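**Q** What follows is a structure written as structure tokens; I'll ask about it next.
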Amino acid sequence: MKFFIKTYGCQMNVNDSEKMGHILEKRGFSAADNENDADIVIINSCAVREKPQEKIFSFAGRLGKGKKIIVAGCVAQSEKEKILERNPSINYIVGTHQYYHIDRIVDEILAEKSRGDHPVKAQFSKVWQEAVPDIGARISRVSGYISIMEGCDNFCSYCIVPFTRGREKHRPFENIMAEAEYLAAAGYKEIILLGQNVNCWGDREKNMKFTVLLDRLAAAPAVDVKWIRFITSYPGYYDDELIDVMARHEKIARNIHFPAQSGSTRVLMKMNRIYSRDQYLEIVRRFKKRIPDITFSSDFIVGFPGETENDFGLTLSLLEKVEYENIFSFVYSPRRFTSAFKLKDDIDPGVKKQRLYRVQELQKNIQLKNNKLLIGKTIDVLVTGLHPKVEGEVIGRTVNYRVVNFESDTPVGEFTRVLIERVGPYSLRGVEKR
Ligand code: SF4
404 MKFFIKTYGC QMNVNDSEKM GHILEKRGFS AADNENDADI VIINSCAVRE KPQEKIFSFA
464 GRLGKGKKII VAGCVAQSEK EKILERNPSI NYIVGTHQYY HIDRIVDEIL AEKSRGDHPV
524 KAQFSKVWQE AVPDIGARIS RVSGYISIME GCDNFCSYCI VPFTRGREKH RPFENIMAEA
584 EYLAAAGYKE IILLGQNVNC WGDREKNMKF TVLLDRLAAA PAVDVKWIRF ITSYPGYYDD
644 ELIDVMARHE KIARNIHFPA QSGSTRVLMK MNRIYSRDQY LEIVRRFKKR IPDITFSSDF
704 IVGFPGETEN DFGLTLSLLE KVEYENIFSF VYSPRRFTSA FKLKDDIDPG VKKQRLYRVQ
764 ELQKNIQLKN NKLLIGKTID VLVTGLHPKV EGEVIGRTVN YRVVNFESDT PVGEFTRVLI
824 ERVGPYSLRG VEKR
């Protein structure tokens with residue numbers, strides 16, 4: 404019996420899929436290469452915007468007859484029975500805290516009991532649920548994901564996450580260290596700490612906070628990786644201690660995902676973010692002063708209800724001031740359950756689209772300008788994969804998470820040095836210098 408997991412959304416979803424794959428393989432099922440070869444298809448869904456949410460229905464609609472279909476993840480959690488009403492060929496709904504029972508759920512489906520019972524499991528758990536995917540169940544042999552917390556207590560007014568992932572649950576310190584050591588022993592070159600609000604992590608029993616965790620991971624001889632990254636963090640909880648820890652350990656990669664969402668304090672307050680534009684810029688300033696080679700990436704929402712041209716101009720000017728390494732930008736999409744859902748979605752769709760275009764064009768120029776500064780420099784690159792279209796070429800990443808393409812026979816997972824010769828806004832091109 405074969406299964407296939409189609410994953411939409413963020414790294415947390417990817418890691419959840421790895422965990423589900425691990426659980427199913429332990430139960431004796433094997434992973435199929437694609438949905439056509441699978442008997443059981445799990446769609447791990449993303450609810451963060453409306454468009455990805457809709458993708459589950461088009462994907463499920465394209466599946467051939469006779470397959471057992473499970474919808475898991477954030478849409479499963481928020482929409483539950485509604486999904487079954489809309490597509491009766493879906494067999495089971497598994498929320499974000501229930502996929503640990505995916506083996507039992509598949510057994511139930513195969514025993515054809517699911518439709519007779521209640522085929523929805525979406526209760527929130529109050530405690531952290533431990534699951535560590537085997538190496539074989541992970542999508543990468545180079546960069547290993549480690550979930551350290553789940554959920555969010557911030558309730559930003561536009562965000563559905565507290566309703567799909569529940570309140571914050573933090574993973575115990577020993578379990579995180581054990582997974583980091585496991586990945587390092589397996590030859591992973593970087594670890595990526597995951598959580599919706601990662602810098603809020605704490606082990607209350609041990610009175611430990613995120614900065615202590617980072618410090619211990621970076622100092623541990625058994626966590627012998629080259630880079631440690633963390634996503635996603637919340638700007639309102641940054642402090643000088645985090646800057647100190649990062650400055651002390653070169654192993655902590657010099658790129659932070661630091662989601663601003665808007666450059667206007669007025670909009671930030673309406674979004675229920677707890678920092679102002681000035682506070683955000685002050686943290687960036689302190690980071691850059693202490694760690695000059697640090698770079699930032701960010702998320703932005705344009706067209707939030709009530710966003711004026713002036714507010715939007717402040718977002719553009721924030722981009723110019725911070726000079727982000729890259730950004731993820733989206734037009735505002737009202738999400739049910741959130742407090743902003745009650746606000747009038749009053750920005751004309753054409754204006755939203757235009758603002759998105761302006762943000763992305765500006766960012767493209769910033770990236771191109773900064774990438775040009777690397778021409779003629781030789782930099783460390785981690786080979787992350789073979790080029791899918793060009794034989795003899797590989798793709799790599801720099802410490803700042805820039806993409807580099809070059810000809811090489813250096814194996815995936817190894818570091819090399821690359822002289823940068825040409826650049827575009829989204830990638831660099833060079834020759835290997837071993
Ligand atoms: S901090 Fe992030 S995950 Fe939490 S509510 Fe805000 S946007 Fe959503």
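Quick note: to get our numbering, add 403 to the position in the sequence shown (first position is 1). Even for Gly, the Cβ is constructed at its ideal location relative to N, Cα and C. Quantities reported herein were computed from a predicted structural model and do not represent experimental measurements.
With DSSP as the reference, identify every bridge partner of I486, one or two as the case may be.
**A** I486 pairs with nothing; no bridge assigned.
**Q** What residue range is occupied by the uninterrupted alpha helix (DSSP H) comprising G716?
**A** Here the alpha helix (DSSP H) through G716 covers E712 to V725.
**Q** Check whether the stretch 752 to 769 touches the stretch 802 to 820, counting contact only when three or more Cβ pairs, one atom from each stretch, lie closer than 8 Å.
**A** Judged by Cβ distances under 8 Å, the stretch 752 to 769 makes no contact with the stretch 802 to 820, as fewer than three pairs qualify.
**Q** Should T711 go down as buried or exposed, given a rule of 16 or more other Cβ atoms within 10 Å for buried?
**A** By the 10 Å Cβ count, T711 comes out exposed.
**Q** Just verifying my parser: in three-state terms, what is the DSSP assignment at N675?
**A** DSSP places N675 in coil when its eight states are reduced to three.
**Q** Would you call the stretch 823 to 830 and the stretch 672 to 685 touching, i.e. three or more CB-CB distances under 8 Å?
**A** Contact fails: fewer than three Cβ-Cβ distances are below 8 Å.
**Q** Report the rounded CA-to-CA distance for N494 versus V509, giving the unit in angstroms.
**A** Using only the alpha carbons, I get a separation of about 10 Å.
**Q** Leaving out five residues before and five after L759 in sequence, what residues of the same chain have Cβ atoms less than 8 Å from its Cβ?
**A** Excluding sequence neighbours, L759 sits near V705, G706, S732, F733 and V734.
**Q** Could you tell me which of I655, R837, G788 and V478 sits nearest to V545, measuring between CA atoms?
**A** Among I655, R837, G788 and V478, the Cα nearest to that of V545 is on G788.
**Q** Using the beta-carbon of each residue, find all residues closer than 6 Å to any heavy atom of the ligand SF4 and list them in chain order.
**A** Spelled out in chain order, the answer is C555, N557, F558, C559, C562, V564, P565, Q599, N600 and Y637.
**Q** In whole angstroms, what separates the C-alpha of D556 from that of W531?
**A** Straight-line Cα distance between these residues: approximately 15 Å.
**Q** Label Y829 either buried or exposed according to how many other C-beta atoms from any shown protein chain fall within 10 Å of its C-beta, with 16 as the threshold for buried.
**A** The residue is exposed, with fewer than 16 neighbouring Cβ atoms inside 10 Å.
**Q** As a quick exercise: from P624, S420, G590 and C603, pick the residue whose alpha carbon is nearest that of R574.
**A** For R574, the nearest C-alpha among the options comes from C603.
**Q** Is it true that the stretch 613 to 627 meets the stretch 421 to 441, where meeting means three or more beta-carbon pairs spaced less than 8 Å apart?
**A** The stretch 613 to 627 vs the stretch 421 to 441: no contact.
**Q** P814: buried (16+ other C-beta within 10 angstroms of its C-beta) or exposed?
**A** Per the 10 Å Cβ criterion, exposed.
**Q** To the nearest angstrom, how far is the alpha carbon of V628 from that of R693?
**A** When rounded, the distance between both Cα atoms is 23 Å.
**Q** Sort P737, Q757 and T741 by Cα distance to D748 and report the nearest one.
**A** Measuring from the Cα of D748, the nearest candidate turns out to be P737.
**Q** Using DSSP bridges, identify the partner residues of V451.
**A** Paired residues: none, contrary to the question.
**Q** State the DSSP-derived secondary structure class of A743, mapped to helix, strand or coil.
**A** Here A743 sits in helix by DSSP.
**Q** When the distance is taken between beta carbons, is V474 closer than 8 Å to I446?
**A** It is a contact, given that the beta carbons lie within the stated cut-off.
**Q** Can you have a look at S517 and say buried or exposed, based on whether 16 or more other CB atoms are within 10 angstroms of its CB?
**A** Per-residue confidence for S517 stands at a pLDDT of 48, beneath the threshold of 50, marking its modelled position as unreliable; the derived number appears in the next sentence. Under this definition S517 is a buried residue.
**Q** Can you have a look at H660 and say buried or exposed, based on whether 16 or more other CB atoms are within 10 angstroms of its CB?
**A** With 16 or more Cβ atoms within 10 Å of its Cβ, H660 is classed as buried.
**Q** Is H425 helix, strand or coil by DSSP?
**A** H425: helix per DSSP, three-state reduction.
**Q** Can you find the residues in the same chain that come closer than 6 Å, C-beta to C-beta, to Y641, ignoring five residues on each side of it along the sequence?
**A** Closer than 6 Å at the Cβ level, and outside the excluded window around Y641, lie I686.
**Q** Quick check on DSSP: helix, strand or coil for I595?
**A** Looking at I595 - three-state DSSP - the assignment turns out to be strand.
**Q** List in chain order: all unbroken beta strand (DSSP E) runs of 3+ residues lying wholly within the stretch 572 to 641.
**A** Runs found: 593 to 597 and 630 to 634.
**Q** Exposed or buried, S433, counting other C-beta atoms within 10 Å across all chains shown (16 or more means buried)?
**A** When all chains shown are included, S433 counts as exposed.
**Q** Any idea what DSSP makes of A650, helix, strand or coil?
**A** Of the three classes helix, strand and coil, the one that applies to A650 here is helix, per DSSP.
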